[in-house]
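To start, the structure itself, in structure tokens.
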Amino acid sequence: MDLATLIGGVTAFGLVFGSIAMGGGMAFLDAASAMIVLGGTFGAMLLATSLDKFKSIMSVTGKAFKQPNYDLGTSAASMVEYAQIARREGILGLEKAISSADPFLANGLQMSIDGYPPEAIEEILETDLDYLKKRHKEGSDLLMIGGTFAPALGLIGTLIGLVQMLQNMSDPSTIGPAMAIALLTTFYGALLANLLFTP
1 MDLATLIGGV
11 TAFGLVFGSI
21 AMGGGMAFLD
31 AASAMIVLGG
41 TFGAMLLATS
51 LDKFKSIMSV
61 TGKAFKQPNY
71 DLGTSAASMV
81 EYAQIARREG
91 ILGLEKAISS
101 ADPFLANGLQ
111 MSIDGYPPEA
121 IEEILETDLD
131 YLKKRHKEGS
141 DLLMIGGTFA
151 PALGLIGTLI
161 GLVQMLQNMS
171 DPSTIGPAMA
181 IALLTTFYGA
191 LLANLLFTP
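Take the sequence shown: its position 33, counted from the start at 1, is 33 in the working numbering, and no numbers get skipped.
Here it is in structure tokens:
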């Protein structure tokens, strides 16, 4: 897992939930509020894309929590090494290097071995990069949509709670639960948007 993501997530959530626990944590738990914000936000995210794309994007998003397994300096050094192998042993000498190369470089090496012209290799690899950038942007855009919808659903929950409270002002026992929904949905929405989706 990426260390910065881990430290940032633990620090942010730890401080928030730690302060909640110190002040009486059960008061901040409300199933109805969570259903409105969580269910509504993910439902809205599904409305904004297809199910297949949603699953694919969630898979890509999960990679943000993993330690990157590439290094530009290492990749550059590897490319110099591959060029030296090709000069010494010919293009076919690169076959044994494919197994140790990262998938992107391995694809380029395999096309070189198969006799693709340099222009075709460059075009194919650029197309692969464009597709990768597009997929990552779609994931980023969907998370930003979640960051927009979560506070909005929190506000909707607040309005629901206020309506319920105003309808039952004659019964004091209903005011507390209605106010809890009204305030906690806003809290949950802000928490999701600022500690999960937007970062």
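Idealized CB from N, CA, C, for every residue including glycine.
Bear in mind the structure is a predicted one, so any value in this text is a computation, not a measurement.
Query, Result
"Inter-stretch contact (C-beta, 8 Å, three-pair minimum) for the stretch 144-154 and the stretch 31-40", "yes"
"Pairwise C-alpha distance: D102 and K137", "22 Å"
"Cβ pair L162, A178 closer than 9 Å", "yes"
"Sequence-distant residues of the same chain with beta carbon closer than 8 Å to M45, five excluded per side", "F54, L142, I145, G146, F149"
"Distance, G23 Cα to A106 Cα", "55 Å"
"With 16 other Cβ atoms within 10 Å as the buried cut-off, status of Y188", "buried"
"Environment of L191 [buried if 16+ CB atoms lie within 10 Å]", "buried"
"Assumed close pair I36, F28 - CB separation to whole angstroms, cut-off 8 Å", "Their Cβ separation, rounded to whole angstroms, is 15 Å, which puts I36 and F28 out of contact at 8 Å."
"Spatially closest choice to L129 from S99, Q167, G108, A86, by CA coordinates", "G108"
"Proximity of E126 and I113 at Cβ, strictly below 9 Å", "no"
"For A180 and S59, the rounded distance between their alpha carbons", "34 Å"
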